[in-house]
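Down below is the structure, laid out as structure tokens.
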Amino acid sequence: MMPVGSPAIGEDFIDREHEIKQILATLKKDNVLLAAPRRFGKTSIMRKLERELSGNDSIVVFLDVESVYSPQRFLSETIMELTEFEEFSEKSGFRSQLKKICKCVQDNVEEIEVPTIIKARLRSSVEEGLEEDWVDKSDALFKIINSTNAKIYFVFDEFPIAIKNMNLLDAELFLLWFRKLRQTCTNVRFIVGGSVSIERVLRTIGGTNVINDFKIIRVNGFERDVALKIVENVFDEESWEYTPLLGDKILDCIGESYIPYFVGIMLSTIVDERIITGKAVDEVLIEDVYNNRLLGSKCKHYFDPYFKRLKIFYQEMDVKAAKAILGRVSTTENYPIELAFNAFQQETGSHDYERFLDLISDLENDFYIENDDGKLNFYSKVLKDWWRIFHGNI
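Each residue of the sequence shown is one higher than the one before, counting from 1 in my numbering.
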């Protein structure tokens with residue numbers, strides 16, 4: 001059974017060979033921005049890259065920056081992760097430069113390997129030392145990083161959220177500094193990913209020109225043959241009788257795209273139903289599980305974040321419009337974009353068509369909908385079915 005909600009590692013990591021090859025090829029010359037909402041397998045891909053890139057004089061620093069709220073915190077967390085590579089820190093002169101940042105670091109930098117409480121104090125000291133002149137101090141550290149023979153890869157998960165958490169002036173300065181850093185550090189590569197549209201985050205900070213050097217790679221759902229293999233493997237693990245007809249039935253319920261998270265919760269729910277009722281897994285049971293359990297109140301918590309995150313990550317003026325548009329799109333096929341604009345005007349009182357198109361673009365980038373030549377459809381069938389049931393009348 002593939003994990004539901006947790007990163008897939010080791011033998012649980014399935015497929016994604018195309019994405020991994022594409023990213024590894026891109027990293028030879030460029031930095032990478034991974035675009036995917038939560039539960040699409042983005043973090044699993046990042047963890048796989050961490051293992052693929054490590055070794056052979058290469059260092060990989062992986063950091064989830066969702067809780068970061070300032071440039072100083074971002075950099076102190078990054079610096080502390082890099083100090084874990086003791087041989088690099090000592091031989092490169094990185095540790096010596098770190099001592100110059102602040103007195104407490106100077107006193108304790110030799111104790112980086114000691115218990116967690118010392119590390120926490122040291123991390124706080126680094127952040128405090130960066131409060132003033134963080135640009136110059138960080139430039140000095142990255143100059144050392146770039147001058148070594150080692151290839152350094154920084155992997156930042158939930159990067160757009162970190163930028164959103166910063167105040168406007170800090171975010172703008174950090175993004176400009178970060179762009180300049182990527183242009184000057186030729187031995188360093190960055191892989192950043194996010195479960196929210198970075199374009200929307202940057203729209204209020206000065207535009208996407210600060211990230212246009214990244215190669216954007218979208219993480220989509222599984223191909224059908226891969227998803228079928230996952231279904232077949234679960235049947236084998238559970239000692240159920242598998243037929244291609246049953247595999248097709250499960251995937252037809254979920255619908256394209258075969259998002260790992262939705263495949264996982266469908267199979268997990270079937271397992272639960274089998275344990276509770278003892279019934280054989282057949283077409284009737286699959287249909288019943290999908291309609292009455294997966295799309296019912298007991299599994300509502302699996303989907304609620306897709307609804308709630310609109311209020312968290314979208315501007316207040318756009319939230320009602322987004323919910324209204326998604327409600328209408330969930331009840332039909334090929335919803336005309338002109339009607340969506342009508343809904344936008346009704347909910348916002350604005351007739352700004354450019355802002356409306358920005359909202360549609362955000363909903364596309366966040367994998368809610370697809371815009372096919374002015375016709376809107378949900379990206380995922382199962383999410384569409386759930387949205388229609390619980391929010392289709394909005």
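Idealized CB from N, CA, C, for every residue including glycine.
Pair within 9 Å by beta-carbon distance, residue i and residue j
i      : j      : result
Gly194 : Asp157 : yes
Val226 : Met166 : no
Glu287 : Lys279 : no
Val196 : Phe303 : no
Val188 : Ile145 : yes
Pro336 : Gly374 : yes
Leu251 : Ile270 : no
Ile59  : Ile152 : yes
Ser92  : Ala150 : yes
Phe344 : Ile325 : yes
Leu141 : Leu98  : yes
Arg203 : Asp358 : yes
Arg224 : Glu172 : no
Thr83  : Phe94  : yes
Lys300 : Phe390 : yes
Ala36  : Asn220 : yes
Arg388 : Ser350 : no
Ile23  : Ile45  : yes
Asp213 : Arg182 : yes
Ala340 : Arg328 : yes
Ile360 : Asn342 : no
For residue j and residue i, believed in contact at Cβ under 8 Å, the rounded distance
i      : j      : result
Asn377 : Glu333 : 6 Å
Leu40  : Ile211 : The question names Leu, but residue 40 is Phe in the sequence shown. The pair is not a contact, with the Cβ atoms about 20 Å apart (cut-off 8 Å).
Phe62  : Val155 : 5 Å
Trp240 : Val281 : 5 Å
Ile217 : Leu34  : 6 Å
Val32  : Lys180 : Val32 to Lys180, Cβ: 18 Å. No contact.
Leu175 : Ile205 : 7 Å
Glu397 : Lys311 : With the chain represented from 1 up to 394, any question about residue 397 goes unanswered, as that position is not in the structure.
Ile275 : Phe262 : Not really, about 21 Å apart at Cβ, beyond 8 Å.
Buried or exposed (CB count within 10 angstroms, at least 16 for buried), residue i
i      : result
Lys137 : buried
Ser76  : buried
Val463 : The structure shown does not extend to residue 463, since the chain is modelled only from 1 to 394, so the question has no answer here.
Gln72  : buried
Pro305 : exposed
Lys308 : exposed
Met317 : exposed
Pro160 : buried
Gly5   : Any answer about Gly5 is weak, because its pLDDT of 46 lies below 50 and its placement is not dependable; what the coordinates show is given next. Exposed is the call here.
Glu87  : exposed
Asp362 : buried
Leu245 : exposed
Glu199 : buried
Ala120 : exposed
Thr243 : exposed
Lys249 : buried
Gly247 : buried
Ser96  : exposed
Thr43  : buried
Ser124 : exposed
Lys396 : Beyond the ends of the chain as shown, which are 1 and 394, falls residue 396; an answer cannot be given.
Glu70  : The identity of residue 70 in the sequence shown is Ser, whereas the question assumes Glu. Buried: at least 16 other Cβ atoms inside 10 Å.
Ser89  : buried
Gly129 : buried
Can you list, in chain order, the stretches of the alpha helix (DSSP H) that have 4 or more residues and sit fully within the stretch 15-40? Assignment of alpha helix (DSSP H) within the stretch 15-40, counting only whole runs of 4 or more residues, yields 17-26 in chain order.
Just checking, does the stretch 292-309 make contact with the stretch 381-393 on the three C-beta pairs under 8 Å criterion? yes
Starting from the N-terminal side, write out each stretch of the beta strand (DSSP E) that is 3 residues or longer and does not extend beyond the stretch 151-188. 151-157
Touch check for the stretch 232-251 and the stretch 37-56: three-plus C-beta pairs under 8 Å? no
Suppose only complete runs of 4+ residues qualify. What are the alpha helix (DSSP H) ranges in the stretch 218-300, listed by chain order? 224-238, 244-254, 260-277 and 283-288
Any chance you could list the alpha helix (DSSP H) runs of at least 4 consecutive residues sitting entirely within the stretch 308-364, in chain order? 316-329 and 337-348
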